[in-house]
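2 protein chains.
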Amino acid sequence: MKLSEKRVLKKKEQIILSAIKIMNRKGYNGATMEEIAAELLMTKGALYYYFKNKEDLIFQCHELVLTNAIEELQVHLEEPVSYETRLRNMIKTHIAYAIKEKETFNMILKPDETFSSEQLKPILLKRQEYAHQFDTVIKEGMKANEFTITELKIARMILLGSMNWIQQWYQPDGKFNVEELQNVYADYLLKVVK
Amino acid sequence: MKLSEKRVLKKKEQIILSAIKIMNRKGYNGATMEEIAAELLMTKGALYYYFKNKEDLIFQCHELVLTNAIEELQVHLEEPVSYETRLRNMIKTHIAYAIKEKETFNMILKPDETFSSEQLKPILLKRQEYAHQFDTVIKEGMKANEFTITELKIARMILLGSMNWIQQWYQPDGKFNVEELQNVYADYLLKVVK
DNA sequence: TTAAAATTTGAACCTTGTTTAAAAAGTGAT
DNA sequence: ATCACTTTTTAAACAAGGTTCAAATTTTAA
Chain A
194 MKLSEKRVLK KKEQIILSAI KIMNRKGYNG ATMEEIAAEL LMTKGALYYY
244 FKNKEDLIFQ CHELVLTNAI EELQVHLEEP VSYETRLRNM IKTHIAYAIK
294 EKETFNMILK PDETFSSEQL KPILLKRQEY AHQFDTVIKE GMKANEFTIT
344 ELKIARMILL GSMNWIQQWY QPDGKFNVEE LQNVYADYLL KVVK
Chain B
194 MKLSEKRVLK KKEQIILSAI KIMNRKGYNG ATMEEIAAEL LMTKGALYYY
244 FKNKEDLIFQ CHELVLTNAI EELQVHLEEP VSYETRLRNM IKTHIAYAIK
294 EKETFNMILK PDETFSSEQL KPILLKRQEY AHQFDTVIKE GMKANEFTIT
344 ELKIARMILL GSMNWIQQWY QPDGKFNVEE LQNVYADYLL KVVK
């Protein structure tokens, strides 16, 4: 890889990080191309040298965050503990991540509307990859007779959906701190698969 | 109430219904004031005679849908069946509603960002009212020893969150039809509170 | 040093929400 | 039916923010 390509990649990443930062603060619509650029002392026009458009930029934010999340989950998949404990740890990790990366992690993607299928496909794949890790533990846990579930996909959707929803109501200064949330959610969600 | 006031109310409702219709098809950003107006053979400017701005209109869509949903739920609260069955029916109703009213029912409200707290308060109250109905069955079911839950709020959040998430992935032509979805979700979610 | 390539700029454009003055339509009293 | 008054609608203009593009600037490599 040439030096120039490396520089482009680095710049892209800076822009993505800037976008993530601002989006987590102001949401998708609140984060203007101008502000994202200003953060890096650029003008908004320059962003279009690196990204096709705002959608593209946001997608790549999504992808970066998802990629990191997948890596974080991976670890738990191979821990030498019961499947119940593995799933519990994955639940905790997911909750921590969903709260930390409020906007980006859980951005709402609507295939039909805003986004082109070109942009969408890799993201959906990454999402599947992420979700698949949950499927894996659940399946293995079933083989080991720790879990009993007939509709794997729905069970997983219930787990992820309920956790993602936390963003809708969680306030850092509310009744529960993150740790309590993680534990109670893990307790209750494990009841679903057991 | 004067005739003119009645006419205004009727027109407001027409606009709200038009907005709901278009939003459910194209999402929040996809529904332009122009298209909402065109549906009723008006120009977008006229909408501002009835609503302060787009936010206001959307909020009122939200409120209408929520009000109807609350009424539909209410019925199940008083059915002369076990609490488990009541909750099961409420779950089914919620899922049907969440799918039918995709965009509107579950519109994401972000207090800090786009919306003024004036507009937000009544919606949050309505939401609480809706959620409270779930709390009620769960509490009553606990008194009757049908359910065992210590963190009521979190249990309810898990129920509603997992159901609302269905919108993120549900396709009318997918593997599951609505009825199957309702039954499997009910089965699994009841495990949470039991 | 210089020509080509890469990057950035700033201005212009487009779409969409919002405002507003004026036009049109409706209403009620005479 | 007419006139004054109110309600409703329009069309045009504006503002904000995403997007494009030709030109200017900067970087790169020989």
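Chains as they are written, first to last, in my numbering: chain A, 194 to 387; chain B, 194 to 387. Glycine included, each C-beta is placed from N, C-alpha and C at the ideal position.
Could you pull out every residue in the same chain whose Cβ sits closer than 8 Å to the Cβ of B/K332, ignoring the five residues on either side in sequence?
-> Counting only Cβ-Cβ distances below 8 Å, and skipping sequence neighbours, we find L345.
In terms of alpha-carbon separation, which member of A/Q253, A/E198, A/K203 lies closest to A/A212?
-> Ranking A/Q253, A/E198, A/K203 by Cα distance to A/A212 puts A/Q253 first.
Is it right to say A/L202 is buried, meaning 16 or more other beta carbons lie within 10 angstroms of its own, or is it exposed?
-> The residue is exposed, with fewer than 16 neighbouring Cβ atoms inside 10 Å.
Listing by chain order, which chain B residues have their CB less than 8 Å from the CB of A/G354?
-> Those within 8 Å of A/G354 in chain B are G354, S355, M356, N357, W358, I359, Q361.
Can you list, in chain order, the residues of the region 322-333 of chain A whose Cβ is nearer than 8 Å to any Cβ on chain B?
-> Taking 8 Å as the Cβ-Cβ cut-off, the region 322-333 of chain A has no residue approaching chain B.
Verify the CB distance criterion: does A/E306 have a CB-CB separation below 9 Å to chain B?
-> Residue confidence is low: A/E306 scores 49 on pLDDT, short of 50, so the model does not pin down where it sits. Its coordinate-derived value is still stated next. For A/E306, the closest Cβ of chain B is nearer than 9 Å.
Under the three-state reduction of DSSP, which class applies to A/P304: helix, strand or coil?
-> The predicted position of A/P304 is uncertain, since its pLDDT is 42 and thus under 50; no value can be drawn from it.
Does B/F340 come within less than 9 Å of chain A when only Cβ atoms are used?
-> No, B/F340 lies away from the interface with chain A (no Cβ there is under 9 Å from its Cβ).
For the alpha helix (DSSP H) holding A/K285, just list the boundary residues, first then last.
-> For A/K285, the enclosing alpha helix (DSSP H) has its first and last residue at 276-293.
Proximal residues to B/I342 (C-beta, below 6 Å), its chain only, five neighbours per side dropped | So the qualifying residues of the chain are A348, V386.
Determine the chain B residues that contact A/M216 at a beta-carbon separation under 9 Å, and present them in chain order.
-> Result: empty, since nearest Cβ-Cβ is about 11 Å, beyond 9 Å.
In or out: B/D305 buried (at least 16 other Cβ within 10 Å) or exposed?
-> With a pLDDT of only 45 at B/D305, under the threshold of 50, the placement of this residue in the model should not be trusted, and no figure is reported.
B/Q361 to A/K319, Cα distance in whole Å?
-> One alpha carbon belongs to B/Q361, the other to A/K319, and they sit about 15 Å apart.
Using the C-alpha atoms, what's the distance from B/D380 back to B/L374?
-> Pairing B/L374 with B/D380, the inter-Cα distance amounts to about 10 Å.
Counting Cβ pairs, one atom from each stretch, are 3 or more of them under 8 Å apart for the region 354-370 of chain B and the region 259-277 of chain B?
-> No contact exists between the region 354-370 of chain B and the region 259-277 of chain B.
Do you know whose CA, among B/M235, B/E227, B/M216, lies nearest B/K204's CA?
-> It is B/M235 whose Cα lies nearest to the Cα of B/K204.
Just the Cα atoms here: how many angstroms apart are B/H287 and A/T278?
-> The alpha-carbon atoms of B/H287 and A/T278 are separated by roughly 32 Å.
Hey, which unbroken runs of the beta strand (DSSP E) at 3 residues or more fall wholly within the region 318-360 of chain B?
-> Taking only runs of at least 3 residues, no beta strand (DSSP E) segment lies wholly in the region 318-360 of chain B.
Give the secondary structure of A/F244 by DSSP, where H, G and I count as helix, E and B as strand, and everything else as coil.
-> Coil.
Please name the residue, chosen from A/G367, A/Y276, A/Q321, that lies closest to A/L383 on a Cα-to-Cα basis.
-> The option with the nearest alpha carbon to A/L383 is A/Y276.
Put A/G367 into one of helix, strand or coil per three-state DSSP.
-> DSSP, reduced to helix, strand and coil, places A/G367 outside both helices and strands of the structure shown, so it counts as coil.
Considering only the beta carbon of each residue, do B/K215 and B/L240 sit closer than 9 Å?
-> What sits at residue 215 of chain B in the sequence shown is Ile, not Lys. Contact: no.
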